[in-house]
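Enquirer:
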Amino acid sequence: MKTRAAFLILLALSAPAFAQGGDTPGASTNKARPPVTSEQVYQQVCQACHMADARGGKGAAMIPALAKNPKLEEPGYPIGMILQGRGAMPPLTDLLKPAQIATVVTYVRTHFGNSYKKPVTEADVKMMMGQ
Amino acid sequence: MTTRRQLLTAIGMMGGTAALYQAMTTMGHASETQYKGAPDLSGARSGASVLVLGSGLAGMLAAYELSKAGYKVRILEYQNRAGGRNWSLYGGDTYTELGGATQKVGFAQGHYLNPGPWRIPHHHRTLLHYCKAFGVALEPFIQFNHSGYVHNADAFGGKPVRYREAAADFEGNVAELLGKAIDQKALDAQLTSEDKDKLKEALRGWGMLDQDMKYKANLFSAEHRGYDRPPGGGVDGAPIASQPFPFRDVVSSQIWKNMAFFMNHEMQTTMFQPVGGMGMIGKAFARQVQTMITFNAKVTKIHQDKAGVTVTYADTASGSVTEATSDYCVCAIPLGVLNQIENNLAPAKKSAIAAVPYSNSVKIGLQMARRFWETDDYIYGGHSFTSQDIALISYPNYHLFEDGPGVLLGAFASGAGAYRLAGMTPEQRIEAALAQGSVFHPGTYRKEFQTGASVAWSRVPWTMGCCARWNEETRKTHYQELVKVDDRVVLAGEHASYVGCWMEGALLSSLDAISRLHKRALEA
Chain A
1386 MKTRAAFLIL
1396 LALSAPAFAQ
1406 GGDTPGASTN
1416 KARPPVTSEQ
1426 VYQQVCQACH
1436 MADARGGKGA
1446 AMIPALAKNP
1456 KLEEPGYPIG
1466 MILQGRGAMP
1476 PLTDLLKPAQ
1486 IATVVTYVRT
1496 HFGNSYKKPV
1506 TEADVKMMMG
1516 Q
Chain B
3 MTTRRQLLTA
13 IGMMGGTAAL
23 YQAMTTMGHA
33 SETQYKGAPD
43 LSGARSGASV
53 LVLGSGLAGM
63 LAAYELSKAG
73 YKVRILEYQN
83 RAGGRNWSLY
93 GGDTYTELGG
103 ATQKVGFAQG
113 HYLNPGPWRI
123 PHHHRTLLHY
133 CKAFGVALEP
143 FIQFNHSGYV
153 HNADAFGGKP
163 VRYREAAADF
173 EGNVAELLGK
183 AIDQKALDAQ
193 LTSEDKDKLK
203 EALRGWGMLD
213 QDMKYKANLF
223 SAEHRGYDRP
233 PGGGVDGAPI
243 ASQPFPFRDV
253 VSSQIWKNMA
263 FFMNHEMQTT
273 MFQPVGGMGM
283 IGKAFARQVQ
293 TMITFNAKVT
303 KIHQDKAGVT
313 VTYADTASGS
323 VTEATSDYCV
333 CAIPLGVLNQ
343 IENNLAPAKK
353 SAIAAVPYSN
363 SVKIGLQMAR
373 RFWETDDYIY
383 GGHSFTSQDI
393 ALISYPNYHL
403 FEDGPGVLLG
413 AFASGAGAYR
423 LAGMTPEQRI
433 EAALAQGSVF
443 HPGTYRKEFQ
453 TGASVAWSRV
463 PWTMGCCARW
473 NEETRKTHYQ
483 ELVKVDDRVV
493 LAGEHASYVG
503 CWMEGALLSS
513 LDAISRLHKR
523 ALEA
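What follows is the structure in structure tokens.
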């Protein structure tokens, strides 16, 4: 795993504290139960952009497909994406705990035409977070 | 004695309008916006040309003002519609999101969903100015309705209560507690005995406390929280007070969050909406710049050099590729999209473009056969808040009292709730919105439902997100680089402002961007 390199990158980042801005619903009291299983995390978070079939989408720009994506071979890549975001994709650390990130990365690496069998652990994620 | 007006006139004559503005600000006037009136773009060189990328409000305002100043302007737009995120969906419209799901909107004539912006603060003066200039009729947006419901799964046994009841109980209990603290001498170090008397009088009047400084079921508290039997006429005219909720429930309901929400500068009344849907603003702007727009143009490359700017674009229908050239460029493309367009902008600018993620948000419109919230619940506009994913339902501020159908906003989700709703099919979203919204109107919500439409901003093909999400760190590192004129190119949009995610931010950014670009053009 090349997580060490990614870890060094992450060390340079401070925790993202997003200021509430713009028009908002007005309560921020969401009490819905957070997703637990890998499938739930995928469906309730990732799927919003990457789609149910993980094929992403294409419009004025594109949302990359996770299906059959050779970049997923290196687990540090998807973990880093979730921790740091890229472009329009925000870091998801305010929504997902390390265990949820580990389980969904494992899920995506073994579904949608990907078969990178080795599971990603909570410890892997925490290491990349510098914990 | 010199009147304030005379003083201001004198300052205006001596120091010009900037000094006048400064003085007015100091005296407590004109402090709510940075809008300073029309930009000064005088002296443009004849024949100088500008390419504007994107026909959202920022792009169209740039085009309008630059062309008025004498520039030759052309706009490239990805969609077949101008207006960008300023947008309304009406019956007969078709919308296809990323991933291919297509919705045919079935709302009755005159009803709509505003997927993006939907309310305008009274101090967003740039927007109000151009609405007036371009003939957009505005009407009040009912922002604050004491009769709306508040629902929190952790309070009141999961039953919704009226905002007025929970808010009155919160204030009444806080007033009573503070009164106790005063009587128990807990505040003696901070307050003189005269202060204490004044504050206790204030707490009684504000919190509706009785003479013993208690918040109780009586006709004082009922004046704020409502009655079991309201005042009437004749024999049974005498009102009956209502019983306050247990304070523990009031605190658990987090009603303070809703109360604080209404205190936000951007959320304070009066608010407005265009008659006929928010999209009327985009349409009015588009009428001013119609002849300049090339639709269905997907920008694929932005290149600048000593000679000028070259923008490559593909026709979204035919795929045919064209190059457009100009002396200057105002790029009003959302950052998430721009980040994927090949360009030779300065490295620091590229880093800034890549550094700002976008928020998600989901809005769902539900058409109901009759306006039961008005007839059955006495709710006329405003919102009911919930701790479920939909976050709120908001009642329409138009066609009040009519017998026919009404379209209410069945969800304005953000964060985790919005991701969850966005991941669903349009049909599943409607089902979730009906299930969750039923908490407020059990029995009627599903029964009266006719048709719905939803927009998940993370799947909007032309923005791939709702709004730019800056934080303190990215502001410090990237904001100035983002807004800086880069040789012949300048960026504009809500993302290039501190009024992020509001139309006002897009317009203020645009006026500032073209003013600096014009200065750069004069120096060339």
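If you read the protein sequences in the order shown, they are chains A and B. For the first sequence, our numbering assigns the number 1386 to the initial residue and increments by one for each residue that follows. For the second sequence, our numbering assigns the number 3 to the initial residue and increments by one for each residue that follows. Quick reminder that beta carbons are idealized off the backbone N, C-alpha and C, glycines included.
Residues of chain A with CB closer than 9 angstroms to the CB of K478 of chain B, please, in chain order.
Expert: The contacting residues do not exist; K478 of chain B stays about 11 angstroms from chain A at best.
Enquirer: Which whole-angstrom value is the C-beta distance of F158 of chain B and S90 of chain B, which I expect to be below 8 angstroms?
Expert: In fact, because the Cβ distance is near 36 angstroms, the residues do not count as touching under 8 angstroms.
Enquirer: Does the contact criterion of 3 or more C-beta pairs under 8 angstroms hold for the segment 139 to 150 of chain B versus the segment 376 to 386 of chain B?
Expert: yes
Enquirer: Around the C-beta of E268 of chain B, are 16 or more other C-beta atoms found within 10 angstroms, so that it is buried, or is it exposed?
Expert: buried
Enquirer: Are the beta-carbon atoms of F297 of chain B and L59 of chain B separated by less than 9 angstroms?
Expert: no
Enquirer: Would you call the segment 203 to 213 of chain B and the segment 165 to 183 of chain B in contact, with 3 or more CB pairs under 8 angstroms?
Expert: Short answer: they touch.
Enquirer: Enumerated in chain order, which unbroken segments of the alpha helix (DSSP H) with a length of 4 residues or greater are wholly contained in the segment 1404 to 1454 of chain A?
Expert: 1423 to 1426 and 1432 to 1435
Enquirer: Determine whether the beta carbon atoms of L189 of chain B and K198 of chain B lie at a separation below 9 angstroms.
Expert: yes
Enquirer: Within 8 angstroms, do at least three Cβ pairs link the segment 428 to 442 of chain B to the segment 364 to 384 of chain B?
Expert: yes
Enquirer: Kindly list, in the order they appear in chain B, the residues whose Cβ is closer than 7 angstroms to that of T1414 of chain A.
Expert: N154, Q256, K259 and S389
Enquirer: Could you tell me the distance, in whole angstroms, from the CA atom of P1504 of chain A to the CA atom of P1419 of chain A?
Expert: 22 angstroms
Enquirer: Just list the beta strand (DSSP E) runs in the segment 435 to 498 of chain B, keeping only unbroken ones of 3 residues or longer that don't cross its boundaries, in chain order.
Expert: 451 to 458 and 491 to 493
Enquirer: Report all residues from its chain with a CB closer than 6 angstroms to the CB of F264 of chain B; omit the five preceding and five following residues, and keep chain order.
Expert: Cβ contact annotation for F264 of chain B (same chain, cutoff 6 angstroms, sequence separation greater than five): F146, in chain order.
Enquirer: Leaving out five residues on either side along the sequence, give the residues of the same chain with a beta carbon under 7 angstroms from the beta carbon of E461 of chain B.
Expert: For the sequence presented, residue 461 of chain B should be read as Arg rather than Glu. Only E99, L100, G101 and A424 meet the Cβ criterion.
Enquirer: Using a Cβ-Cβ cutoff of less than 6 angstroms, which residues in the same chain neighbour A508 of chain B once the five nearest sequence positions on both sides are dropped?
Expert: For A508 of chain B, where only same-chain residues beyond five positions count, the Cβ hits under 6 angstroms are L59, A60, G495 and E496.
Enquirer: Whole angstroms are fine: how far does the CA of P276 of chain B sit from the CA of V1493 of chain A?
Expert: 45 angstroms
Enquirer: Three-state secondary structure (DSSP) at G94 of chain B?
Expert: coil
Enquirer: Beta carbons nearer than 8 angstroms to chain A: which residues of the segment 348 to 370 of chain B have them?
Expert: A356, P359, Y360, S361 and N362
Enquirer: Cβ atoms of M1513 of chain A and G1470 of chain A: under 9 angstroms apart, would you say?
Expert: no
Enquirer: Please identify the residue among B:L510, B:W459 and B:S517 whose C-alpha is closest to the C-alpha of Q1432 of chain A.
Expert: B:W459
Enquirer: Assuming L43 of chain B contacts A71 of chain B (C-beta within less than 8 angstroms), just tell me the rounded distance between them.
Expert: 3 angstroms
Enquirer: If you measure between the beta carbons of Y315 of chain B and T327 of chain B, is that distance less than 9 angstroms?
Expert: no
Enquirer: Using three-state DSSP, classify S1500 of chain A as helix, strand or coil.
Expert: coil
Enquirer: Quick check: the Cα distance between E141 of chain B and F274 of chain B, rounded to an integer number of angstroms?
Expert: 6 angstroms
Enquirer: Closer than 9 angstroms, CB to CB, is I343 of chain B near chain A or not?
Expert: yes
Enquirer: Over the uninterrupted alpha helix (DSSP H) stretch that includes D199 of chain B, give me the two end residues.
Expert: S195 to G209
Enquirer: Have a look at the DSSP bridge pairing and note the partners of C133 of chain B.
Expert: For C133 of chain B, which the question treats as bridged, DSSP gives no partner whatsoever.
Enquirer: Where DSSP assigns a beta bridge to I122 of chain B, which residues make up the other side?
Expert: B:F274
Enquirer: Could you tell me which residues DSSP pairs with C331 of chain B in its beta bridges?
Expert: DSSP, once it has assigned bridges, lists B:L53 and B:V491 as partnering C331 of chain B.
Enquirer: Nearest CA to the CA of M261 of chain B: which residue from B:D171, B:K202 and B:T318?
Expert: B:D171
Enquirer: Are the beta-carbon atoms of P336 of chain B and A470 of chain B separated by less than 9 angstroms?
Expert: Against a cut-off of 9 angstroms, the Cβ pair of A470 of chain B and P336 of chain B comes out as a contact.
Enquirer: I'd like to know if K1453 of chain A contacts chain C, where contact means its C-beta is closer than 9 angstroms to some C-beta of that chain.
Expert: The structure shown contains no chain C; the protein chains it does contain are A and B.
Enquirer: Does the beta-carbon of A50 of chain B have 16 or more other beta-carbons within 10 angstroms, so that it is buried, or is it exposed?
Expert: That one is buried.
Enquirer: Using the Cα positions of T324 of chain B and V485 of chain B, report the straight-line distance between them to the nearest angstrom.
Expert: Roughly 28 angstroms between the two C-alpha positions.
Enquirer: Identify the contact partners of Y80 of chain B in chain A, using a Cβ-Cβ distance below 9 angstroms as the criterion.
Expert: G1444 and A1445
Enquirer: Just checking: is the beta-carbon of T1409 of chain A within a distance shorter than 9 angstroms of some beta-carbon in chain B?
Expert: yes
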